[in-house]
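Order-wise, the sequence lines are chains A and B. Residue 3 is where the first sequence starts when you use the working numbering, and the numbers rise one by one after that. Residue 834 is where the second sequence starts when you use the working numbering, and the numbers rise one by one after that. Have a look at the structure below, then the notes.
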Amino acid sequence: MTNIFKRSAALLMTVSAAGLAAPAFADGHALDLSGQTVEWIIPFSETGGSARWANFYAPLLSEALPGNPTVVVNFMPGAGSTRGANHFQELEYEDGTVIFGSSGSTQFPYLLNDPRVRYEYGDWNVVLASGTGGVVYLPADLAGALEEGGIDAIAGENFIYGSQGATRLDLVPLLAWEMLGLNVEPVFGIEGRGDGRLMFERGEANIDYQTSSSYLSGVTPLVEAGTAVPWFNFGALDADGNIVRDPTFPDMPTFAEVCEAAPACETSGPAWDAWFAFFSAGFPAQKMVFLPAGAPQVAIDTYTAAFQAITERADFAEISENTLGAYPQMTGAAAEAALERATSVPEEAQAYVIDWLAERYGVVLE
Amino acid sequence: MDLFATAMPALGEAFGMILQPAVLGYLVLGVVMGLCIGVFPGLGGIAGLSLLLPFMFGMEPLYGLALMVGMVAVVPTSDTFASVLMGIPGSSASQATVLDGFPLAKKGQAARALSAAFSSSLFGGLLGAAFLTFFILAARPIVLAFQTPELLMVTIFGLSMVGILAGRVAVKGLVAACLGLLVGTIGEGAASGELRMSSYDMPYLVDGFALVIVGLAIFAVPEIIALLRQDKAISDRQVLGGGWLTGVRDWWANIWLSIRCSLIGVAVGVIPGLGGSVVDWIAYGHAVQTSKDKSQYGHGDIRGVIGPESSNNAKEGGGLVPTLLFGIPGSGSMAIFISGIALLGTGQIEVGPSMINNNLNFTYAIVWLLALANVVGTLICIAAAGGIARLTNIRFALLAPFLFMIIAFAAFQSRQEIWDLVALLGIGLLGILMRRFDWSRPAFLIGFVLAAPAERYTNQAYQIAASRFRRSMEEGFDYLLSPIVIVLIIVTVISVIAGLRQAKNIQAEGAVNSGGKRAPFLFLVAVTAYIAIAYYDAATIPDYARTDRVFPVFVATVGLIGCAVLFIQTRLKPETDPLFADREVMDQRDNAYGLWQTLGWFAGLLALTALFGFILALAIFLLMFIRFRAGKSWAFAILYTAAGIAFICTMAALLNRDFPPGLLQSYLDLPWPLS
């Protein structure tokens, strides 16, 4: 129990420090949410990664917001998160007590002109953007073949991959493997990436990817046991939007490096541009928090300052390690830039992916 | 032995960890909360754990675990109250308990049924925990041995239970199961995202129906309406005094059945991906199959209570294996359990492949907490059983509006849309008609529950096997026909043959006399029409999405063949044949009110909700119902309404839930709970 108090005290100091620094507070303009209840809409069920992310932030947010409102996470699953997003779109800003948490699965239908999408990211106000990365891994025998004979040695393999759907985040690894010239057959209908990993462990799937935090917790033990070998990760974006090595896995090559080395793959041209666009949309700002349309600057500043205070806590790295991984938690201008990258893909890239989905998987988004 | 060398010190350490007053205090707190949540139909571990999550952040890990495990462990214990006393499945884990538990309550033996159920629950929970203690160290390879073909066979084995629960006319049971499977495929296909029996203009249908709604609609709504129409108490006999001791003796007399069903529960729980919703049916089917005298099943055979109740608590222990070892939740509540654990302390306990190596003491602490929670929960339940059993002597007209309020609230939690209530009433009408014409409702529900896994595993196994066959013939056959698959095929075939031979003698839902031909015929026409439309709808799915087409088309074809057989029999058989079962004719003397008149009350609640929102509608409904239908004074009605509204608002506030808004709310801004 005592460590909670210690932490709260540390937090109070951080909050007050941040409060002094943030312009919104210096002017004396800030929302006061005392006695209020903040509803945080998550367009997924209680059981997914977004739930874990929101459950992690909710109590911290409650402590960091002025007036310490109760923060409750309200799960509103349905239609691959488009239902909750459509609901949020219809809300007008009232008193700053409703926020929304989106994910890559909310972004992709938006980018692919899914007929169910009736929301517009441009109307919303971003106050936090959480990034992540993704790691591709292979069974030991295939990794050995790859090590010896290069990518040609595994080009003839019948790869099986447990997938949640070609229009979801899985689009990024599927397109990457296709560019490398691999013959990967996705087995659809997996309910979560954890089930995909289980399929890999059972030996039914022989290629898989996990987001960084689930790779660290779920796959690292397999790597230590020698049954799985990491191949590459998707990389991370630097401040200028270039792909660099993922800070969580500095020793692992990125897809760009692997692609460069592979004869079939090119780091330019329409396929690469499409992959890069969708990677930038899906990973570096995978989960974002929004205030609804029409939110005044003071509300945006209040929430921005609160999230900033959380991410600047002295113990943030320690308490977030397992749920978030070592990825940027962006607020303010950085979050806006991340949102911009995440929700705008060049028209050619969009058209390329829509065509590719139709041709390769028969997915028609109409 | 190596196993023991690792296990014993950790076991001892875990025992020391949980035997602290604070830990035990949190455990009891969790147990009490879990019991309260479990008592309400439709609310289960998911609702309870969501309630706890906000408190988990940074909490002392052991305290948090005690709280969460205490809650999860006892939900399948206390959900028995609703199943036995009201005929309403308290949660998806005790649907099968209704079949024999409720008839026992009607006979005035509620206390006996309850205590037999609690003894079985306790035993199942303890056996599950004991099994887990040793199994968890060796479980990894066994869980991994269950590949997709094995999972498919387990699903098919579950479906084979339809055989024993099909009722007097086996073909009717088969068609009911097909109907359930088809209703289960409504919405977006899992493989290609193609829509079945839905459109994007009706977003509600795209996600399909939730099990909570279908379970309540198929079992609870028909039972409430039927009892209301008779307008008396559930049990017309005096509650037997001291019945609880009889129940414990009943359990002891069937100890072997209890052991077998507990093992079934553990086994089904261990296999990830099947979900626990079917384990009670498998246990029930097993209990029936292994009994010599089957004539009392459906009329109140105590073994029909002991079987499912032994299995559903044992399942929680089994379900911990995939959760702790692989980080793969075996059920919805386990998924929240995982995110709860991640919030504890500084997050040092990490569920998944490293759990056994790094946190064996915590793993055992969880197992021990599970066992202890079962003991505490059962003792509380047995102590309360005698008193609560008296509910069955209250006039049902006073109980029904309250029950309906809770069911509507629970149904609304699934999607938080008014369509939840429409679905509840719509599928409820189907349930009423199935009950009336003696179509097996268990068969329908088993079909519904297993529709998603059956389709998913069929498609996946087909796809993976095709890839293996491309490599070599031998590899393909090795994959499909593993020893586990072959054993499961044999077990399934035996179960189907035995089931069909015995099904005629088992009336899982009681005897029903036959009436005229016309009404049953019309219902058959309606069922056939739906299956035909579903067939057409699925058959028109284009080729590129054929993975979403194959399963519904196959099921609908089987269903249509079954319907054709029934049509032929309709022509040939006399009016007295069980084919023309019609409860309406049989119950004519007992029914004080008409069906539509009674159903009208609830349709009225729905219409009022659409206009004024749930709380205002509920106030009007309760007031009118108690005053005019139950015939009580205005003063009584007002008091009843106030109590009802206060109760539901407290519950919603605790669980942090909203109520369905109506038309009024889109014009006016009203404060909670009216909003």
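No residue lacks a Cβ here, since even glycine has one placed at the ideal position from N, Cα and C.
Restricting to Cα atoms, I'd like to know which of the options is closest to residue i.
i	options	result
A:D303	A:A328, A:T325, A:L67, A:S36	A:L67
B:I989	B:L1503, B:V1329, B:L852	B:V1329
A:G80	A:F58, A:I43, A:S216	A:I43
B:T839	B:G871, B:A944, B:L970, B:V1388	B:L970
B:I1481	B:P1234, B:V865, B:A1397	B:P1234
A:V128	A:P298, A:V221, A:G205	A:P298
A:F280	A:E349, A:V189, A:T250	A:E349
B:C1011	B:G996, B:D1415, B:A1452, B:A1116	B:G996
B:P831	B:Q942, B:Y1197, B:I1323, B:R1334	With chain B covering only 834 through 1508, there is no way to say anything about residue 831 of chain B.
B:Y1290	B:L1355, B:S1347, B:T1380	B:T1380
B:F873	B:T981, B:I1251, B:V1045, B:I1265	B:V1045
B:Q1293	A:R204, A:C261, A:G164	A:G164
B:A1217	B:F1042, B:W1077, B:I1189	B:W1077
A:E314	A:L63, A:T222, A:W55, A:F278	A:L63
Give every residue of the same chain whose Cβ lies closer than 6 Å to the Cβ of residue i, excluding the five residues on either side of it in the sequence, and list them in chain order.
i	result
A:A157	G183
B:F1245	D1253, P1493
B:L1014	G1280, A1284, V1388
B:V1016	F1281
B:G1178	P894
A:P25	Low confidence applies here, because A:P25 scores a pLDDT of 41, under 50, leaving its location unreliable; read the following figure in that light. Closer than 6 Å at the Cβ level, and outside the excluded window around A:P25, lies no residue.
Give me, in chain order, the residues of the same chain whose beta-carbon lies closer than 7 Å to that of residue i; leave out the 5 immediate sequence neighbours on both sides.
i	result
B:L1449	L1507
A:D29	Legend: pLDDT at A:D29 = 46, less than 50; position of this residue unreliable, no value from coordinates given.
B:T1018	R1029, A1284, E1288, F1384, P1385
A:L218	G327
B:A1100	G1151
B:N973	What sits at residue 973 of chain B in the sequence shown is Arg, not Asn. Contacts found: L1158.
A:N88	R120, Y121
For residue i, which residues of its own chain have a beta-carbon under 8 Å away from its beta-carbon, when the five flanking residues on both sides are left out?
i	result
A:Y354	P272, A273, D275, A276
B:F1237	I1057, F1435, L1438
B:D1064	R1228, F1229, A1230, A1425, Y1426
B:V1320	none
B:K1510	Examination of residue 1510 of chain B is not possible in this model, given that chain B is present from 834 through 1508 alone.
Residues, ordered as in the chain, of the region 219 to 231 of chain A that lie near chain B by beta-carbon distance below 7 Å: S219, G220, P223, L224
Quick one, which residues of the region 238 to 261 of chain A are near chain B if we go by CB-CB under 7 Å, in chain order? none
Which runs of the alpha helix (DSSP H) fall wholly inside the region 173 to 242 of chain A and span at least 4 residues, in chain order? 173 to 181, 195 to 203, 222 to 227
Using 8 Å as the cut-off, can you tell me whether the region 1077 to 1087 of chain B makes contact with the region 1131 to 1151 of chain B, which would need three or more C-beta pairs spanning the two stretches below that distance? yes
Segment contact flag, the region 1043 to 1059 of chain B with the region 1263 to 1275 of chain B, C-beta cutoff 8 Å, min 3 pairs: yes
Counting only runs of 4+ residues fully inside the region 1379 to 1420 of chain B, write out the alpha helix (DSSP H) ranges in chain order. 1380 to 1405, 1416 to 1419
Three or more C-beta pairs closer than 8 Å, one from the region 1382 to 1401 of chain B and one from the region 1297 to 1313 of chain B: is that the case here? no
Near-chain B residues of the region 52 to 74 of chain A - C-beta to any C-beta below 9 Å: A53, R54, N57, F58, A60, P61, L62, S64, T72, V73, V74
For the region 309 to 331 of chain A, which residues have a CB atom closer than 9 Å to at least one CB atom of chain B, in sequence order? D317, E320, I321, S322, E323, N324, T325
Using a Cβ-Cβ cutoff of 9 Å, what residues of the region 977 to 1001 of chain B are near chain A? List them in chain order. L977, A978, F979, Q980, T981
Touch check for the region 228 to 247 of chain A and the region 115 to 123 of chain A: three-plus C-beta pairs under 8 Å? no
Three CB pairs or more closer than 8 Å across the region 1157 to 1167 of chain B and the region 317 to 333 of chain A: no
Can you pull out the residues from the region 186 to 198 of chain A whose beta carbon lies closer than 7 Å to at least one beta carbon of chain B? E187, V189, F190, G191, G196, D197
Quick check for students: name the residue ranges of the alpha helix (DSSP H) that lie wholly in the region 1295 to 1325 of chain B, counting only runs of 4 or more. 1306 to 1313
Go through the region 1089 to 1165 of chain B residue by residue and report every complete run of the alpha helix (DSSP H) that reaches 4 residues or more, in order. 1112 to 1122, 1136 to 1159
Count Cβ pairs between the region 1186 to 1204 of chain B and the region 1142 to 1153 of chain B that sit closer than 8 Å; are there 3 or more? yes
Scan the region 888 to 916 of chain B for residues whose Cβ lies nearer than 7 Å to a Cβ of chain A and list them as they occur along the chain. F890, G891, E893
Counting only runs that start and end within the region 276 to 348 of chain A, where is the beta strand (DSSP E) found for 3 or more residues in a row? 289 to 293
Pick out the complete beta strand (DSSP E) segments inside the region 1016 to 1087 of chain B, 3 residues or longer, and give them in chain order. none
Interface residues of the region 151 to 168 of chain A facing chain B [CB-CB below 7 Å]: N160, I162, G167
Within the chosen definition, does the region 922 to 929 of chain B reach the region 85 to 102 of chain A through at least 3 CB pairs nearer than 8 Å? no
Mind the definition here: the region 143 to 152 of chain A touches the region 254 to 261 of chain A only if three or more C-beta pairs lie below 8 Å; say whether that holds. no
Using 8 Å as the threshold, is the region 952 to 967 of chain B in touch with the region 188 to 195 of chain A, meaning 3 or more CB pairs across them? no
Quick one: any contact between the region 242 to 252 of chain A and the region 168 to 175 of chain A, if contact means 3 or more CB pairs under 8 Å? no
By the 7 Å beta-carbon criterion, what residues does the region 1264 to 1297 of chain B contribute toward chain A? R1289, N1292, Q1293, Q1296, I1297
In the region 1236 to 1299 of chain B, which residue ranges form an unbroken alpha helix (DSSP H) of at least 4 residues, counting only runs that do not cross its ends? 1251 to 1269
Taking 8 Å as the cut-off, does the region 876 to 896 of chain B touch the region 845 to 860 of chain B (at least 3 CB pairs, one atom from each stretch)? yes
Is the region 1030 to 1045 of chain B in contact with the region 1390 to 1407 of chain B, if contact means three or more CB pairs nearer than 8 Å? no
Quick one: which residues of the region 1160 to 1178 of chain B get their C-beta closer than 7 Å to a C-beta of chain A? List them in chain order. G1160, I1161, P1162, G1165, A1168, I1169, S1172, A1175, L1176
Scan the region 1023 to 1048 of chain B for residues whose Cβ lies nearer than 9 Å to a Cβ of chain A and list them as they occur along the chain. A1023, A1024, S1025, G1026, Y1033, P1036, Y1037, V1039, D1040
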